[in-house]
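Enquirer:
2 protein chains.
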Amino acid sequence: MIGAFWAPLAAGFPGALELKDDCAVFTPQPGTDLVVTTDAVIAGVHVLADEDPGAVAWKALAVNVSDLVAKGATPLAYLMTLALPEAPERQWLAAFTDGLRAAQEAFGCHLAGGDTDRTPGPLSVSITALGSVPTGRMLRRSRVRPGDAVYVSGTIGDATLGLALRRDPSLAARWGLDAAAHASLEATHLRPRPPVALITALRACASGAMDVSDGLIKDFERMCRTANVGGQISVASVPLSAAAHAVVAQGSVTLADLLTGGEDYQVLAGIAPERAVEFEHLAAAAGTSVARIGSIEDIGAGVRVIDPAGRAMAFATPGWDHFRKEGQAPDGGK
Amino acid sequence: MIGAFWAPLAAGFPGALELKDDCAVFTPQPGTDLVVTTDAVIAGVHVLADEDPGAVAWKALAVNVSDLVAKGATPLAYLMTLALPEAPERQWLAAFTDGLRAAQEAFGCHLAGGDTDRTPGPLSVSITALGSVPTGRMLRRSRVRPGDAVYVSGTIGDATLGLALRRDPSLAARWGLDAAAHASLEATHLRPRPPVALITALRACASGAMDVSDGLIKDFERMCRTANVGGQISVASVPLSAAAHAVVAQGSVTLADLLTGGEDYQVLAGIAPERAVEFEHLAAAAGTSVARIGSIEDIGAGVRVIDPAGRAMAFATPGWDHFRKEGQAPDGGK
Numbered sequence: 010m011i012g013a014f015w016a017p018l019a020a021g022f023p024g025a026l027e028l029k030d031d032c033a034v035f036t037p038q039p040g041t042d043l044v045v046t047t048d049a050v051i052a053g054v055h056v057l058a059d060e061d062p063g064a065v066a067w068k069a070l071a072v073n074v075s076d077l078v079a080k081g082a083t084p085l086a087y088l089m090t091l092a093l094p095e096a097p098e099r100q101w102l103a104a105f106t107d108g109l110r111a112a113q114e115a116f117g118c119h120l121a122g123g124d125t126d127r128t129p130g131p132l133s134v135s136i137t138a139l140g141s142v143p144t145g146r147m148l149r150r151s152r153v154r155p156g157d158a159v160y161v162s163g164t165i166g167d168a169t170l171g172l173a174l175r176r177d178p179s180l181a182a183r184w185g186l187d188a189a190a191h192a193s194l195e196a197t198h199l200r201p202r203p204p205v206a207l208i209t210a211l212r213a214c215a216s217g218a219m220d221v222s223d224g225l226i227k228d229f230e231r232m233c234r235t236a237n238v239g240g241q242i243s244v245a246s247v248p249l250s251a252a253a254h255a256v257v258a259q260g261s262v263t264l265a266d267l268l269t270g271g272e273d274y275q276v277l278a279g280i281a282p283e284r285a286v287e288f289e290h291l292a293a294a295a296g297t298s299v300a301r302i303g304s305i306e307d308i309g310a311g312v313r314v315i316d317p318a319g320r321a322m323a324f325a326t327p328g329w330d331h332f333r334k335e336g337q338a339p340d341g342g343k
Numbered sequence: 010m011i012g013a014f015w016a017p018l019a020a021g022f023p024g025a026l027e028l029k030d031d032c033a034v035f036t037p038q039p040g041t042d043l044v045v046t047t048d049a050v051i052a053g054v055h056v057l058a059d060e061d062p063g064a065v066a067w068k069a070l071a072v073n074v075s076d077l078v079a080k081g082a083t084p085l086a087y088l089m090t091l092a093l094p095e096a097p098e099r100q101w102l103a104a105f106t107d108g109l110r111a112a113q114e115a116f117g118c119h120l121a122g123g124d125t126d127r128t129p130g131p132l133s134v135s136i137t138a139l140g141s142v143p144t145g146r147m148l149r150r151s152r153v154r155p156g157d158a159v160y161v162s163g164t165i166g167d168a169t170l171g172l173a174l175r176r177d178p179s180l181a182a183r184w185g186l187d188a189a190a191h192a193s194l195e196a197t198h199l200r201p202r203p204p205v206a207l208i209t210a211l212r213a214c215a216s217g218a219m220d221v222s223d224g225l226i227k228d229f230e231r232m233c234r235t236a237n238v239g240g241q242i243s244v245a246s247v248p249l250s251a252a253a254h255a256v257v258a259q260g261s262v263t264l265a266d267l268l269t270g271g272e273d274y275q276v277l278a279g280i281a282p283e284r285a286v287e288f289e290h291l292a293a294a295a296g297t298s299v300a301r302i303g304s305i306e307d308i309g310a311g312v313r314v315i316d317p318a319g320r321a322m323a324f325a326t327p328g329w330d331h332f333r334k335e336g337q338a339p340d341g342g343k
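First to last, the sequence lines map onto chains H and G.
Quick note: the first sequence uses the working numbering, first residue 10, plus one each step.
Quick note: the second sequence uses the working numbering, first residue 10, plus one each step.
Printed below as a string of structure tokens:
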């Protein structure tokens, strides 16, 4: 199994030692730190129980790369523990490794090691990803400062809609979506693309950053709490895809659903005002959309979300909770 | 949960950032490589389904530290994804983190990050451990050479007996074990102690090394195959505990059971003959027992296991296979 399926994914990283040893080895470039993160994807929890194996593999890597990108770290390599409900079929392994290969090519990293076990439970993929930043320059969520402009990359809410479509494809007709919009929303859910091209701009300009994975509102609240600051987001400025705009306009889904849905895998960053123009230029040069959605304020201002009419919004559930007691959906964020 | 249970385990590692950020950061000491490994422990597969949470936590860290030690790497830190069948009780978390704290103190490392999820399956603990070696000096299993003496640390087979006792405590009486021997064998199964004190001796003297986790015979075969060499082990030289000797003498368990049982978490190393005396001295100085059990030979000699009467032994199943189709026991190695 190792030689046929896993070793080819490790071929680009010499420290993987062709997956023939107990450990991988990283010789850090002088002047760099290693940034390390870990997250698991479990069938029936973070992805549908019978999800396509290639999509599960992609997502397991993407959710980890999302954390690296938000720290300004260039993805290098990842290790994976895979728990399989049964001895894997060749076809299943081929689909899984195809998804993993596509993801690692999209994100620029390689498999460095891992472990495969059989489980009496569901498919589970736990990945630890390693990235590189200049020494001392990892972006911290705690470092945003009052006065910073708040930016978010990409669009918010598409993954939430994609999951709903995945569960009930008939929603597409009810929402008035054409086939292309339907496919695009599903793809955002199934194969999230954290903005690796934005790393240079983030390193150059961000005071602090984190990824948006458990819902924009919840993650913004977290960032403010960690940094001991207040802040506000203007909902009218939150970037939505054309499809998401259309679905909200149609009335079945609220803006609040999109702001709290999770699984966006975009970056939320604080940018000092004097860096904002440079940040927008660098993002544009990298082909990555970013939107200014609010500001960081003094702690006394609290954390506020302002609706398009200028009123403060309240949220029953600001985002994903891994241990929500009831009504937990087979989806979720990281 | 993070502040009360996990953050105290991270307090000794500044790069964990008090577990308040998306990633951990490692600033490598100049002149060192980072060594990284990952392994999971699943309830009902690697430990009994209802095993004590402290023992599960200890084992999950130990199986990873075992890989680091065998590479000559000093443990630094680890990241963990924890999949829990239900929202954890305070008491369960306290027992689990107590076991983890005891293990990280025994092995000299700290929690650096992680992720906790709910799962419809069994408890699962996936750990990625990071260690440090002088640049370019990670021990490789492929580097053992014909002429090397083969050494193993500690004793072999105790964990196999400990698991059997854990399943059926009445075996202790049948095997003629007193309470101390019974407890000692169970402890070896529940709380394996990879020989971290041996790291200095291994770095100074070993041509190559790996950990013994899936059965001494299977792992020796693997080492020889990876290094493209032959070799032999003399069974009479394999170190057994007094309790294991007694059980084998009593007749219920064979020597072959112990040599193929797995979960020893000891180190198997090739030592050039001119280094053997120094290795034994350094091991003794570190308070770690090592035994010379065989030799590495040319590939043409094949891999042989010699019984006490001087005959080559054959094994129906040389060790643990993660996807053995039938009769798979709720135990297993890494």
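Glycine included, every Cβ here is placed at the ideal spot set by N, Cα and C.
1) Got a sec, what are the start and stop residues for the alpha helix (DSSP H) H/Gly75 sits in?
2) Evaluate H/Ser261 with the Cβ neighbour count: other Cβ atoms within 10 Å of its Cβ, from every protein chain shown; 16 or more gives buried, anything less gives exposed.
3) Against H/Ser151, what residues of chain G qualify as contacts under a CB-to-CB distance less than 9 Å, listed in chain order?
4) Run down chain G in chain order and give the residues with a C-beta less than 8 Å from the C-beta of H/Pro131.
5) Of all the CB atoms in chain H, is at least one closer than 7 Å to the CB of G/Gly53?
6) Around the C-beta of G/Leu73, are 16 or more other C-beta atoms found within 10 angstroms, so that it is buried, or is it exposed?
7) Indicate whether the contact test is met: 3 or more Cβ pairs, each with one atom in the region 185-203 of chain H and one in the region 168-175 of chain H, closer than 8 Å.
8) Buried or exposed for G/Gln100, please, with buried defined as at least 16 other CB atoms from any protein chain shown within 10 angstroms of its CB.
9) State yes or no: is the beta carbon of H/Asp59 nearer than 7 Å to at least one beta carbon in chain G?
10) In chain order, what are the residue ranges of uninterrupted beta strand (DSSP E) at least 3 long that sit wholly in the region 277-336 of chain G?
11) Does G/Ala33 have its Cβ less than 7 Å from a Cβ in chain H?
12) Compare the Cα-Cα distances from G/Pro94 to each of G/Met147, G/Ser216, G/Asp126 and report the closest residue.
13) With C-beta atoms as the reference, is G/Gly108 less than 7 Å away from G/Ala82?
14) If we count the other Cβ atoms within 10 Å of its Cβ and call it buried at 16 or more, is G/Pro282 buried or exposed?
15) CB G/Leu211 to CB G/Ala295, shorter than 7 Å?
16) Check whether the Cβ atoms of H/Thr164 and H/Pro248 lie closer than 7 Å to each other.
17) Residues of the region 93-113 of chain H in Cβ contact with chain G at a cutoff of 7 Å, in chain order, please.
18) Distance, Cα to Cα, G/Glu98 vs G/Pro62?
19) Taking DSSP as the reference, what is the three-state secondary structure of G/Ile11?
20) Which same chain residues, not among the five before or five after H/Ala310, have their C-beta less than 8 Å away from its C-beta?
21) Sorted by chain position, which residues of the same chain lie with C-beta nearer than 6 Å to H/Phe14's C-beta, five sequence neighbours on each side aside?
22) Just reading off the beta strand (DSSP E) that G/Thr144 is part of, what are its end residues?
23) Does any CB atom of chain G fall closer than 7 Å to the CB of H/Ala292?
24) Using a cut-off of 9 Å between C-beta atoms, extract the partners of H/Thr144 located in chain C.
25) Can you find a C-beta in chain G that's less than 7 Å from the C-beta of H/Ala236?
26) Quick check: the region 147-165 of chain G against the region 211-223 of chain G, are there 3 or more CB pairs under 8 Å?
27) For G/Asp363, which residues in chain H fall below 8 Å Cβ to Cβ?
28) Using the C-alpha atoms, what's the distance from H/Gly21 back to H/Lys29?
29) Compute the minimum distance between the beta carbon of G/Ile165 and the heavy atoms of the ligand NAP, and state whether it is under 6 Å.
30) Does the contact criterion of 3 or more C-beta pairs under 8 Å hold for the region 48-62 of chain H versus the region 129-142 of chain G?
31) Quick check for students: name the residue ranges of the alpha helix (DSSP H) that lie wholly in the region 230-259 of chain H, counting only runs of 4 or more.
Expert: Straight from the coordinates:
1) Start at 1 with the first residue of the first sequence, and residue 75 of chain H comes out as number 66. First, the residue type needs correcting, since residue 75 of chain H is Ser and not Gly in the sequence shown. That run of the alpha helix (DSSP H) goes 62-79.
2) One-based indexing of the first sequence puts residue 261 of chain H at position 252. Exposed: under 16 other Cβ atoms inside 10 Å.
3) Here residue 151 of chain H refers to the residue found at position 142 of the first sequence. Under the 9 Å cutoff, chain G gives Leu26, Lys29, Asp30.
4) The residue you call residue 131 of chain H lines up with position 122 of the first sequence. For H/Pro131, the residues of chain G that pass the 8 Å Cβ criterion are Thr128, Pro129, Gly130, in the order they occur in the chain.
5) Taking the second sequence and counting its residues from 1, one reaches residue 53 of chain G at position 44. Yes, G/Gly53 lies at the interface with chain H (some Cβ there is under 7 Å from its Cβ).
6) Residue 73 of chain G sits at position 64 when you count from the first residue of the second sequence. For the record, residue 73 of chain G in the displayed sequence is Asn; it is not Leu. Classification for G/Asn73: buried.
7) With the cut-off at 8 Å, the region 185-203 of chain H and the region 168-175 of chain H touch.
8) Residue mapping note: residue 100 of chain G aligns to position 91 of the second sequence, counting from 1. Burial state of G/Gln100 is exposed, judged by a 10 Å Cβ sphere holding fewer than 16 other Cβ atoms.
9) Residue 59 of chain H sits at position 50 when you count from the first residue of the first sequence. H/Asp59 has a beta carbon lying at 7 Å or more from every beta carbon in chain G.
10) You should have 299-306, 312-315.
11) For this step, residue 33 of chain G is matched to residue 24 along the second sequence. So yes, G/Ala33 belongs to the interface.
12) For this step, residue 94 of chain G is matched to residue 85 along the second sequence. Cα-wise, what sits closest to G/Pro94 is G/Asp126.
13) Numbered from 1 along the second sequence, position 99 holds the residue referred to as residue 108 of chain G. Numbered from 1 along the second sequence, position 73 holds the residue referred to as residue 82 of chain G. Against a cut-off of 7 Å, the Cβ pair of G/Ala82 and G/Gly108 comes out as no contact.
14) What you label residue 282 of chain G is simply residue 273 of the second sequence in a count that begins at 1. Exposed, since its Cβ has fewer than 16 Cβ neighbours within 10 Å.
15) On the second sequence, residue 211 of chain G is found 202 positions in, with the first residue counted as 1. On the second sequence, residue 295 of chain G is found 286 positions in, with the first residue counted as 1. No, the Cβ-Cβ distance between G/Leu211 and G/Ala295 is not below 7 Å.
16) Within the first sequence, residue 164 of chain H is the residue found at index 155, counting from 1. Within the first sequence, residue 248 of chain H is the residue found at index 239, counting from 1. It is a contact, given that the beta carbons lie within the stated cut-off.
17) Within the region 93-113 of chain H, the residues whose Cβ lies closer than 7 Å to any Cβ of chain G are, in chain order, Ala96.
18) As a first step, residue 98 of chain G is located in the second sequence; it is residue number 89 there, counting from the start. As a first step, residue 62 of chain G is located in the second sequence; it is residue number 53 there, counting from the start. Distance between the alpha carbons of G/Glu98 and G/Pro62: 12 Å.
19) Taking the second sequence and counting its residues from 1, the one referred to as residue 11 of chain G is at position 2. Residue state, collapsed to three classes: helix.
20) Here residue 310 of chain H refers to the residue found at position 301 of the first sequence. Sequence-distant Cβ neighbours of H/Ala310 in its own chain, meaning closer than 8 Å and more than five residues away, are Gly239, Gly240, Gln241.
21) For the purposes of this step, residue 14 of chain H is taken as the residue at position 5 of the first sequence. Cβ neighbours of H/Phe14 beyond the five flanking positions: Leu102, Thr106.
22) Along the second sequence, read from residue 1 onward, the residue named residue 144 of chain G stands at position 135. For G/Thr144, no beta strand (DSSP E) segment is defined, and its DSSP state is neither H nor E.
23) As a position in the first sequence, residue 292 of chain H is number 283, starting the count at 1. Chain G contact via Cβ: absent.
24) Any reference to chain C falls outside this structure, whose protein chains are H and G.
25) Taking the first sequence and counting its residues from 1, one reaches residue 236 of chain H at position 227. For H/Ala236, the answer is no, since every Cβ of chain G falls outside 7 Å of its Cβ.
26) Because the criterion of three Cβ pairs below 8 Å is met, the region 147-165 of chain G and the region 211-223 of chain G touch.
27) Because chain G here runs from 10 to 343, residue 363 of chain G falls outside it and cannot be looked at.
28) In the first sequence, residue 29 of chain H corresponds to position 20, counting from 1. In the first sequence, residue 21 of chain H corresponds to position 12, counting from 1. Their backbone Cα atoms lie some 14 Å apart in a straight line.
29) With respect to small molecules bound, the structure shown includes none, and the ligand NAP cannot be examined in it.
30) Touching, per the Cβ criterion.
31) Counting only runs of 4 or more, we get 251-259.
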